[in-house]
């Protein structure tokens with residue numbers, strides 16, 4: 470298959486899955502395997518198109534990120550999301566990811582780990598839907614520091630390939646008392662700094678594998694992922710209160726079965 474078509478397909482897959490609780494890693498491995506696009510070039514390509522998804526979040530929330538620079542609101546009694554919330558939501562996973570980065574990349578990026586993570590993440594999401602407490606936060610501005618840190622702790626699960634950063638953080642948000650939309654929006658907001666760190670580290674390690682001849686292919690994937698991720702994020706926030714996480718949990722179980730059939734066997 471033409472590399473430009475592969476780039477377009479994988480850009481769509483990345484954009485569709487990065488911010489949904491269904492594991493972008495699992496989808497990229499499965500689709501890459503089906504397309505026969507694997508190896509170091511594929512790994513580098515995935516790093517590049519993740520940057521497209523990151524840019525989508527930056528464009529959607531640039532005003533919110535800019536408001537976080539107003540340090541005068543920190544610690545005030547009025548309800549307002551501030552930079553401390555973001556830091557508390559990011560630090561746990563950033564620390565775990567930094568310490569275990571090489572181990573994760575060398576030992577955990579395997580189809581079997583992804584299958585187990587897909588199913589485990591699905592169970593967590595179903596549990597969160599059934600056991601979440603009465604909502605105490607109906608917007609990100611109503612989140613407490615404790616809730617932000619709790620969500621950050623759940624984000625640590627996302628360092629395991631296939632677990633899904635969105636799935637773990639949204640489950641943590643529900644269990645911490647945030648409603649679906651609030652959990653999803655905070656998940657988006659803490660995605661950018663954590664992805665900048667993780668993707669930046671991968672980019673540095675992949676830079677020797679970048680070639681000018683790959684620019685057209687990488688550009689197609691980047692732009693496609695950017696556009697699709699932005700559309701998905703907008704639509705997802707409008708629908709999540711109605712559909713919840715359970716439907717995504719069942720989808721993950723189906724995806725795990727497909728993984729076993731097409732990748733493992």
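Numbering (my numbering), first residue to last: 470 to 734. Cβ atoms here follow ideal geometry from the backbone N, Cα and C, with glycine treated the same way.
Reduced DSSP secondary structure (H/G/I, E/B, other) of residue i
| i | result |
| --- | --- |
| residue 546 | Because residue 546 sits at a pLDDT of 49, beneath the cut-off of 50, its placement in the model cannot be relied upon, and the point is left open. |
| residue 613 | coil |
| residue 606 | strand |
| residue 647 | strand |
| residue 629 | coil |
| residue 530 | coil |
| residue 512 | helix |
| residue 522 | helix |
| residue 506 | coil |
| residue 662 | helix |
| residue 733 | helix |
| residue 470 | coil |
| residue 487 | coil |
| residue 708 | helix |
Close beta carbons around residue i, own chain, < 7 Å, minus the five adjacent residues each side
| i | result |
| --- | --- |
| residue 546 | Note that residue 546 scores a pLDDT of 49, beneath 50, so its modelled location is shaky and nothing firm can be said. |
| residue 550 | 609, 610, 612 |
| residue 489 | 635, 701, 705, 717 |
| residue 694 | 480, 483, 484, 518, 521, 522 |
| residue 515 | 497 |
Neighbourhood of residue i by C-beta, 8 Å cutoff - its chain only, sequence neighbours within 5 removed
| i | result |
| --- | --- |
| residue 502 | 731, 732 |
| residue 600 | 644 |
Cβ distance (whole Å) where residue i is taken to contact residue j below 8 Å
| i | j | result |
| --- | --- | --- |
| residue 623 | residue 640 | 6 Å |
| residue 655 | residue 513 | Actually they are not in contact, since the Cβ atoms of residue 655 and residue 513 sit about 30 Å apart, beyond 8 Å. |
| residue 630 | residue 473 | That pair is no contact at about 27 Å. |
Sequence-distant residues of its chain with Cβ nearer than 6 Å to residue i (five each side left out)
| i | result |
| --- | --- |
| residue 691 | 517, 518, 521 |
Query raised in the report: What alpha helix (DSSP H) runs, 4 residues minimum, are completely inside the region 555 to 602?
Result: As far as the region 555 to 602 is concerned, its whole alpha helix (DSSP H) runs of at least 4 residues are 580 to 600.
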